[in-house]
Amino acid sequence: MARRRFTFFYNAKVKTWDVIVIGGGIIGLSLAIELRKRGATVLIVERGEPGREASHAAGGMLVDWAAETPAALQELAMASARMYPEFARELQVESGMFVDLREQGAIVFPAPEHVHQRAGFKLENLPSASLAELEPALADHMRPAFLLKERSVDPRALTTAALAATKRRGVDISSGEEVTAVKVGNGKVCGVTTNKTSYQAPKVVNCAGAWSGQLAPHNFPTRPVKGQMLSLVSPSPSLLKHVIRAPEVYLIPRSDGRILVGTTTEEAGFDKTTDVATIQRLWRAAISLIPELRNAKILEDWAGLRPGTPDALPFLGETSTPGYYAATGHFRDGILLAPITARIMADVIAGKNCGYELEAFSPRRFQP
Ligand SMILES: Cc1cc2nc3c(=O)[nH]c(=O)nc-3n(C[C@H](O)[C@H](O)[C@H](O)COP(=O)(O)OP(=O)(O)OC[C@H]3O[C@@H](n4cnc5c(N)ncnc54)[C@H](O)[C@@H]3O)c2cc1C
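The sequence shown begins at -12 in our numbering and counts up by one.
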């Protein structure tokens, strides 16, 4: 008897997501969490390990001082700074991790051109007696200084907590997979192609940091701006309480006794190596501010790539390809701007009014 042959039609349903986020730095992770909170299904595609690029390299100063923030960005910077305590608290609760949000403030030794910029910037002039009381270890208590009520956070702890929170909320993450193209069909986005496969979604957000400009169909003019830093083990736990910002160097204390010393601003392409001379120079500058740091051990040095743009403003919004969005180019403020970026972009992607004027941040602004 002839054997009957059966043909099986495997009707596998192709999985799709509401939104694909390209890049798992602090911007991509924060946005994915916000989108999940609003009920969207989200896939993050990350070329390496989430949170290991600029977001890993950052100092974590949450600077919203007008003298250091471009005017067009001040409203968002201030709003994001206000959101931080709740943003950090939520991530801590969801991840069970400590992100070291510090409220002690920053002592600013201004550059000469900024000495007269106190008025209106919530700055208190610090008499030398107060400076000596606040930070006895400083070498010079006579130098003009302001006290700034700004916070700092540990960006590595923050991104680790954000990654844990995305997983807990059911965001899908594909690590070690590079997006090679954003797929467009019938004039709108339909997903992404990677070096391994392709994924489908009607909405895609480019959160690829310094690499954002490498992805067609819109080559955003982002560029890497290198910053070198080092961390020291403080010789005594209470040596430094405030962030110190001086034109030559800044010092960021962490609650576990580390002190971060930064940084440089270099146009060096995608090179992330550190060089001994620069690290030594930063360390010497730190010692000139706090002589006791000559007894501190160098724990680590590193370099990271800030996502720079021609006008130092981020790209936030929809591109000229329907369904394709950008949330990138946060340059030196991406840690600060993560909460407000997530909120604004979740509104924009949902087609809602975000309550902010975004024209200055349009992803189309450099298109011919
Ligand atoms: C030395 C230094 C100090 C800093 N200090 C501060 C500070 O004190 N305060 C502050 O607010 N900000 C600071 N910043 C800036 C801040 O780190 C950045 O603005 C922020 O981390 C940008 O986050 P991001 O998620 O856009 O980028 P990233 O963290 O770089 O993440 C982008 C991700 O996209 C991935 N990716 C890229 N291309 C692809 C692709 N094709 N497919 C898939 N994945 C891809 C990358 O692997 C990366 O993980 C500092 C930066 C540096 C370097």
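Every residue gets a Cβ at the ideal spot worked out from N, C-alpha and C, and that includes glycine.
In this text the structure is predicted, and so the values were computed from the model without any measurement.
Per DSSP, the unbroken alpha helix (DSSP H) holding F74 starts and ends at 61 to 82. Annotation: G310 to P204 spans about 12 Å, alpha carbon to alpha carbon.
Judged by their CB atoms, G12 and A41 are nearer to each other than the 8 Å cut-off. In the DSSP annotation of this structure, the continuous segment of the alpha helix (DSSP H) that includes W270 starts and ends at 263 to 276. Here I285 is exposed. Its C-beta has fewer than 16 other C-beta atoms within 10 Å. Here V248 really is in contact with M216; their C-beta atoms are around 6 Å apart, less than 8 Å. Put simply, the backbone Cα of G214 is about 16 Å away from that of A233.
In the structure shown, A119 falls within a helical segment according to DSSP collapsed to helix, strand and coil. The alpha-carbon separation between K170 and L30 amounts to approximately 15 Å. Comparing alpha-carbon positions, the option among K136, L118, R34, S139 lying closest to M129 turns out to be L118. A residue is called buried when at least 16 other Cβ atoms come within 10 angstroms of its Cβ; T184 does not meet this threshold and is exposed. Under the Cβ criterion (8 Å, minimum of three pairs), the segment 38 to 56 counts as touching the segment 239 to 248. Comparing alpha-carbon positions, the option among F96, K259, Q187 lying closest to V176 turns out to be Q187. Restricting attention to beta strand (DSSP E) runs no shorter than 3 residues, the segment 135 to 173 encloses them at 159 to 162, 166 to 172, ordered along the chain.
Cβ-Cβ distances below 7 Å link R143 to H43 in the same chain, with the five nearest sequence neighbours on each side left out; the list follows chain order.
If the five residues before and after A66 are omitted, its C-beta is found closer than 6 Å to the C-beta atoms of I327, all from its own chain and listed in chain order. Checking the 7 Å criterion, the Cβ of H317 is within range of a heavy atom belonging to ligand 1. Under the three-state reduction of DSSP, W52 is assigned to coil, being neither helix nor strand.
I331 and H317 have their C-alpha atoms roughly 14 Å apart. Bridge pairing for P240: I246 [DSSP]. As DSSP reads the structure, A93 sits in a beta bridge with L135, V230. According to the DSSP assignment, M216 belongs to the beta strand (DSSP E) that extends over 210 to 220. Ranked by Cα distance from K154, the options A59, E73, A19 are led by A19. For M216, the shortest C-beta to heavy atom distance toward ligand 1 is below 7 Å. Burial state of D258 is exposed, judged by a 10 Å Cβ sphere holding fewer than 16 other Cβ atoms. W289 is bridged by DSSP to M216.
By the neighbour-count criterion, in which 16 or more other beta carbons inside 10 Å mark a residue as buried, T260 falls on the exposed side.
The beta carbons of A314 and C194 sit about 5 Å from each other, so the pair counts as a contact at 8 Å. Remark: the C-beta of G11 is in contact range of ligand 1, defined as less than 7 Å to any heavy atom. With a threshold of 7 Å, the Cβ atom of G35 counts as near ligand 1, since some heavy atom of the ligand is closer than that.
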